[in-house]
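Written below as structure tokens is the structure these notes are about.
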Amino acid sequence: MLNYIIRRILYAIPILVGVNLITFTLFFVVNTPDDMARMQLGIKRVTPEAIAKWKQEHGYDQPLMFNNAEEGLEKVTRTIFFEKSVAMFAFRFGRADDGRDIAYEIRTRMLPSLAIALPVFVLGLIVYIAFALTMVFFRATYVDFWGVVLCVALMSISSLFYIIGGQFLISKLWHLVPISGYSQGLDSAKFLVLPVIIGVISAAGANTRWYRTLFLEEMGKDYVRTARAKGLPESAVLFRHVLQNALIPILTGAVVVIPLLFLGSLIVESFFGIPGLGSYTIDAINSQDFAVVRVMVFLGSLLYIVGLILTDISYTLVDPRIRLE
Amino acid sequence: MSFKPVILWTDALVYVLVAVIVIFAWQVRRHEHLLAPWRRVGHSASGMAALTILMFFIVIGLLDTIHLRPAIENGNGGSEAAYGVEVLSLLDLLATPLRTQVETTYSAPFATHLYARETVELPGGGQVREFPRLKFGGAHLQDPDAQLASDIATRAGAGAGLALLLWFLIATSVTAIVAHRRDERFMSTLSTIWRGITPVPWRAVFVTLALILLLGGAALALCSDYHILGTDKVGQDVFYQSLKSIRTGLLIGTLTTLMMLPFALLLGVAAGYFRGWVDDLIQYLYTTLSSIPGVLLIAATVLMMQVYMETHPELFDTIAARADLRLLFLCIILGVTSWTGLCRLLRGETLKLREMEYIQAANAFGVSHWRIISRHIIPNVMHIVLITTVMDFSGLVLAEAVLSYVGVGVDPSTISFGTMINAARLEMAREPMVWWALFAAFSFMFALVLSANLFADAVQNAFDPRMKTLSALARTWRRKSIGKNA
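Here the protein sequences line up with chains A and B, keeping their order. Oh and the first sequence: position 295 is 294 in numbering that gives the first Met the number 0, straight run, nothing missing. Oh and the second sequence: position 33 is 32 in numbering that gives the first Met the number 0, straight run, nothing missing.
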């Protein structure tokens, strides 16, 4: 087992290197630091001196890949590639364009993101499974049919509509919770209720429908027929046998997103004014702060790969038939 | 009127797409085994009703794709015709009143007065704060308060009446054709359609058609004299914007797939067929790309493209060309981020297929790799491609709105559902709320995405009968109720 985990982690390294190369190409080769400086300083009437100054302030005043002005190892290390891209492996993220430390921002913003993403994840899982089970229990009846119709309708509504509609109805019309904002500790609950509910609803259609398919697939298997032949009531078949076995694909499928919960949700956070990583990314995109976007891309893929490894491990934990080699 | 046709990049690709679909349809018609699953699609009531709605969207989108630059009237009577810099589409020309009747700012649907008070100079001196009359919306009414309701009712009634007449003509001729094909009398065909027991669910199609035509007829009759969905901040008609957004949505949903299809197909099949280092390389490629969260990769790429476009303004001659190229880039980027899923599916299917006896036989006869792939493997994975394509469409339309909100979507000058929502969102805090732009964008988007989802469901069900989709459910259910009645 340990052997396998170590090998999985080693496999992840070339992928991270690939991600790093992609971001490097995107951010420094397609557009040179000169272009970025010109963009930040305004396209017109920008002097070469101003560009040079901007590049120096932000640490872009080095050659891209190879520095001929330096000696020995410094030929490679004193370059943009090494200092901006390779440094990310050591979690040295540098500073944003407004001078703040990106690593510090990420540490402080992780918790608010998690405060929304985790309840959405847990609550969502429970709600979707409950609805899917209900539909499967009443399969091929009106309940099932209209349930699927409802799922397809929910899937067809833009997530922006849920947010805007929810804010309008709950906060503006009924004044139940504040429209947006965030505070520390238990006090933040009143700010979090609405985004969590909206987060659960906006993914309800697709997930419930998907879980229903999984349950139905499980219903067709031999052991279910055996259980019925034994004379078990339908509810016992469903809740004791089918639910347990269908939970394997559901939970292992959910494991992959757990690490990504730290990143939060882009639009929900920015609509509700939650100071999490999602709104941080949106602000960075809007102010064209490439340093932050680059770090978020790297962090996102790192967390995704962690999620993949966790998925593989969880497979073996829930299903002993799967052997890791 | 003379004009000069303009073919933007996306237009050219749409023409290519239409050509591909026509060739594909022609191929399918000639081969019974290809036609069979499509027949199943044609027998699904929800699928055909959805297709009817989609057809309307597609016609509007295609009308909006034919671009031209109309000639400007030049007074000196020169033989050289001058063409305006403004690129218009056929839809723009058809909707000229909608496009040109611009008010000064917000006005509610069917309003005759502006939404905000303005200071108006009285003729006899002095000023008064009031809601000024609109320049175009309901301008023909003498006394708006008294006449508005009855005028709207008569116009809508007339439009709906004409639409009903049109519907009647279409329904009668379709029924006549069906009767002729089935070699039946007209009345007996009519009664089978009425009872909903024809194999092709004509009743569902007719009902949907009637609904669309009634709505459309009433809207058409009203839209030249009223702003039926209100106006936005700069006084543009929201109904016109909604119509224009359809093309953007359709383009993003279809061109993205068109862009990624060659990559996904070739790489996926190659990985599964050749295995070995080719497989390793391709797997590495798509694992790396798919490990970057989609929105972030799109955001990073679009930001970089923005910088490139800002620093190279000389590459684009008109605003339309620039916005168009940006739309195309967005499609390409979305394609790059979304091909990995399809590629993985195709690799798995090809791995399975290459062990089949007929491929082994082809190998033993010395058929070349290229020929095996093109003759035996690709035709047998096409159903996966088709299902993924139709399933992805609705997700892409929804994604466009979110991306435009994040600020990495289409060009701000391109009218799309995303830009409409984005602009209207700022007025959320206004009291009383400006709701109509949001309403229009969301309801048009809902109609488009819902019909795409239902159609995708029917296609998936026809091509992959193992899936427990909505259409399958409806069918077993119908069979049950028929059995009960019998």
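The beta-carbon is built from N, C-alpha and C at its ideal position, and this holds for glycine as well.
With a threshold of 7 Å between beta carbons, is residue i in contact with chain E?
{"i": "A48 (chain B)", "result": "No chain E is present in this structure, whose protein chains are A and B."}
Taking residue i as the reference, give the member of the options with the closest Cα.
{"i": "L140 (chain B)", "options": "B:L89, B:D224, B:L67 and B:Y114", "result": "B:D224"}
{"i": "M355 (chain B)", "options": "B:V366, B:I376 and B:S337", "result": "B:I376"}
{"i": "W145 (chain A)", "options": "A:A235, A:L213 and A:A131", "result": "A:A131"}
{"i": "Q359 (chain B)", "options": "B:Y272, B:R184 and B:R180", "result": "B:Y272"}
{"i": "L447 (chain B)", "options": "B:T197, B:L242 and B:V21", "result": "B:L242"}
{"i": "I79 (chain A)", "options": "A:T31, A:G98, A:G204 and A:I105", "result": "A:T31"}
{"i": "A203 (chain A)", "options": "A:T212, A:I162, A:L124 and A:L260", "result": "A:L124"}
{"i": "A209 (chain B)", "options": "B:A170, B:V199, B:H226 and B:S187", "result": "B:A170"}
{"i": "L266 (chain B)", "options": "B:T300, B:E348 and B:M186", "result": "B:E348"}
{"i": "S179 (chain A)", "options": "A:K52, A:I273 and A:D311", "result": "A:I273"}
{"i": "D410 (chain B)", "options": "B:R321, B:V389 and B:S367", "result": "B:R321"}
{"i": "R132 (chain B)", "options": "B:L329, B:T104, B:V237 and B:G123", "result": "B:T104"}
{"i": "D63 (chain B)", "options": "B:D91, B:D150, B:H368 and B:D236", "result": "B:D91"}
{"i": "I122 (chain A)", "options": "A:Q166, A:P194 and A:Y303", "result": "Reading the sequence as shown, one finds Leu at residue 122 (chain A) and not Ile. Out of A:Q166, A:P194 and A:Y303, A:P194 has the C-alpha closest to the C-alpha of L122 (chain A)."}
Pull up the distance between the alpha-carbon of residue i and that of residue j, whole angstroms please.
{"i": "G282 (chain B)", "j": "R239 (chain A)", "result": "Correcting the residue type first, residue 282 (chain B) is Gln in the shown sequence and not Gly. Going by the C-alpha atoms only, they are around 39 Å apart."}
{"i": "L25 (chain A)", "j": "A423 (chain B)", "result": "33 Å"}
{"i": "D221 (chain A)", "j": "G252 (chain B)", "result": "41 Å"}
{"i": "Y285 (chain B)", "j": "G229 (chain B)", "result": "46 Å"}
{"i": "D231 (chain B)", "j": "V119 (chain A)", "result": "35 Å"}
{"i": "V277 (chain B)", "j": "M304 (chain B)", "result": "31 Å"}
{"i": "L250 (chain A)", "j": "L280 (chain B)", "result": "30 Å"}
{"i": "T418 (chain B)", "j": "I14 (chain A)", "result": "36 Å"}
{"i": "A155 (chain B)", "j": "H179 (chain B)", "result": "36 Å"}
{"i": "G77 (chain B)", "j": "R68 (chain B)", "result": "For G77 (chain B), the predicted model reports a pLDDT of 49, less than 50, meaning its position is unreliable and no value from the coordinates is stated."}
{"i": "T255 (chain B)", "j": "L12 (chain B)", "result": "11 Å"}
{"i": "V401 (chain B)", "j": "M444 (chain B)", "result": "12 Å"}
{"i": "N285 (chain A)", "j": "L7 (chain B)", "result": "28 Å"}
{"i": "K189 (chain A)", "j": "S158 (chain A)", "result": "21 Å"}
{"i": "G216 (chain B)", "j": "A159 (chain B)", "result": "5 Å"}
{"i": "S43 (chain B)", "j": "L34 (chain B)", "result": "15 Å"}
{"i": "V204 (chain B)", "j": "V267 (chain A)", "result": "39 Å"}
{"i": "V151 (chain A)", "j": "I12 (chain A)", "result": "40 Å"}
{"i": "L9 (chain A)", "j": "V305 (chain A)", "result": "12 Å"}
{"i": "F109 (chain B)", "j": "D142 (chain B)", "result": "14 Å"}
{"i": "V17 (chain B)", "j": "V27 (chain B)", "result": "15 Å"}
{"i": "L221 (chain B)", "j": "S88 (chain B)", "result": "22 Å"}
{"i": "A51 (chain A)", "j": "G58 (chain A)", "result": "10 Å"}
{"i": "F328 (chain B)", "j": "T9 (chain B)", "result": "10 Å"}
{"i": "E117 (chain B)", "j": "Y14 (chain B)", "result": "48 Å"}
Going by other Cβ atoms of all chains shown within 10 Å of its Cβ, with 16 needed for buried, is residue i buried or exposed?
{"i": "T491 (chain B)", "result": "As displayed, chain B neither begins before 0 nor continues past 485, which places residue 491 (chain B) out of reach and without an answer."}
{"i": "H66 (chain B)", "result": "buried"}
{"i": "P96 (chain B)", "result": "exposed"}
{"i": "F137 (chain A)", "result": "exposed"}
{"i": "K83 (chain A)", "result": "buried"}
{"i": "S1 (chain B)", "result": "exposed"}
{"i": "P232 (chain A)", "result": "exposed"}
{"i": "L307 (chain A)", "result": "buried"}
{"i": "V19 (chain B)", "result": "exposed"}
{"i": "Y127 (chain A)", "result": "buried"}
{"i": "N19 (chain A)", "result": "buried"}
{"i": "L302 (chain B)", "result": "buried"}
{"i": "Y357 (chain B)", "result": "exposed"}
Using DSSP's beta-bridge definition, name the partner residues of residue i.
{"i": "H112 (chain B)", "result": "B:R132"}
{"i": "R94 (chain A)", "result": "A:D100"}
{"i": "Y82 (chain B)", "result": "B:A70"}
{"i": "F2 (chain B)", "result": "B:P69"}
{"i": "Q126 (chain B)", "result": "B:E120"}
{"i": "S278 (chain A)", "result": "None, per the DSSP bridge assignment."}
{"i": "L87 (chain B)", "result": "B:L67"}
Since residue i contacts residue j with CB under 8 Å, what's their CB separation in whole angstroms?
{"i": "R108 (chain A)", "j": "G252 (chain A)", "result": "Incorrect: roughly 27 Å between the Cβ atoms, too far for contact."}
{"i": "M258 (chain B)", "j": "G334 (chain B)", "result": "4 Å"}
{"i": "A218 (chain B)", "j": "I227 (chain B)", "result": "6 Å"}
{"i": "G137 (chain B)", "j": "T111 (chain B)", "result": "4 Å"}
{"i": "L264 (chain B)", "j": "L395 (chain B)", "result": "Not confirmed; about 18 Å, so no contact."}
{"i": "S300 (chain A)", "j": "I291 (chain B)", "result": "5 Å"}
{"i": "D100 (chain A)", "j": "R94 (chain A)", "result": "6 Å"}
{"i": "F130 (chain B)", "j": "Q100 (chain B)", "result": "Contact doesn't hold; Cβ gap of about 18 Å is too wide."}
{"i": "H302 (chain A)", "j": "L262 (chain A)", "result": "With the sequence shown as reference, residue 302 (chain A) is identified as Leu, and His is not the correct amino acid for it. Contact holds; Cβ gap of about 7 Å."}
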